[in-house]
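Residue numbers (my numbering): 1 to 242.
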Ligand SMILES: C[S@@+](CC[C@H](N)C(=O)[O-])C[C@H]1O[C@@H](n2cnc3c(N)ncnc32)[C@H](O)[C@@H]1O
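Structure below.
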């Protein structure tokens with residue numbers, strides 16, 4: 001997916017209002033499993049953090065002594081990321097997934113956490129297909145994307161069956177694609193073997209800061225939907241079976 005000026009300016013406002021400091025505690029065990037697989041595969045691995053945002057995961061892996069390339073197309077996010085960097089070996093790359101894939105550089109592990117379910121279905125499919133060009137054969141992908149049970153699925157303008165564009169709130173104007181398990185398997189399996197899958201679900205408290213900036217109608221719709229934040233956690237090994 002090539003980030004259009006419009007899309008990157010939407011992320012720009014997300015980070016300008018302080019968005020992006022997202023927690024990973026609910027999938028910390030999955031990240032540890034991914035790390036174990038990577039270091040068994042390669043003794044001094046390099047990880048690509050795709051859509052690194054303000055860098056929480058980049059810093060997690062740097063703190064474990066792993067080399068990281070943090071790819072983040074949004075300038076405001078990159079500034080936050082650079083200021084927050086821990087000691088360790090880290091390169092910052094301003095390109096998006098497709099531009100990186102065209103370059104031919106490959107990594108022992110690729111993290112795509114909450115970064116590849118934005119844009120149209122075609123954009124997201126193109127970005128997911130690019131992943132195989134970024135992961136070394138035998139290396140691992142960690143993919144974290146919203147499921148079709150996520151509470152935000154009703155929020156804003158419906159663009160397609162599983163695509164919504166929030167009309168207010170911190171992610172205003174950014175299209176979100178919500179995936180079923182079967183859709184993701186179809187996209188991943190030609191190049192990857194799924195070695196781990198879990199649904200990460202948690203209740204979002206009604207008083208959460210997340211709801212600041214939403215209209216009452218948007219809040220009510222999300223409350224009716226059940227306020228369950230729901231993401232697929234995939235770890236997949238690049239095999240190229242076909
Ligand atoms: C919700 S934030 C997630 C940040 C971080 N991964 C986390 O979980 O905290 C999504 C980020 O993905 C980036 N992004 C969106 N589309 C992308 C693409 N095609 N390739 C790389 N990054 C992308 C955006 O610039 C944004 O910073």
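We put the CB at the ideal spot given by N, CA and C, even for glycine.
Do residue 93 and residue 100 have their beta-carbon atoms positioned less than 9 Å apart in this structure? yes
Cα-Cα, which of 180, 89, 155, 160 is closest to residue 168? 155
Residues sharing a beta bridge with residue 44, DSSP: Answer is none; residue 44 lacks a bridge partner.
According to DSSP, what are the bridge partners of residue 198? DSSP links residue 198 through a beta bridge to 233.
Just checking my contact of residue 88 with residue 53 at CB under 8 Å: how many whole Å lie between their CB atoms? About 17 Å separates the beta carbons of residue 88 and residue 53, which is beyond the 8 Å limit, so they are not a contact pair.
Short CB-CB distance (under 9 Å) between residue 229 and chain B: This model lacks chain B altogether; it includes just one protein chain.
Using the C-alpha atoms, what's the distance from residue 90 back to residue 230? 30 Å
Could you tell me whether the Cβ atoms of residue 144 and residue 233 are closer together than 9 Å? Yes, they are a contact pair.
Would you call the stretch 128-145 in contact with the stretch 222-229, where contact means no fewer than 3 C-beta pairs closer than 8 Å? Contact fails: fewer than three Cβ-Cβ distances are below 8 Å.
Per DSSP, what kind of secondary structure is residue 157 in: helix, strand or coil? The answer is strand: DSSP assigns residue 157 an E or B state.
For residue 107, which residues does DSSP report across the bridge? 135
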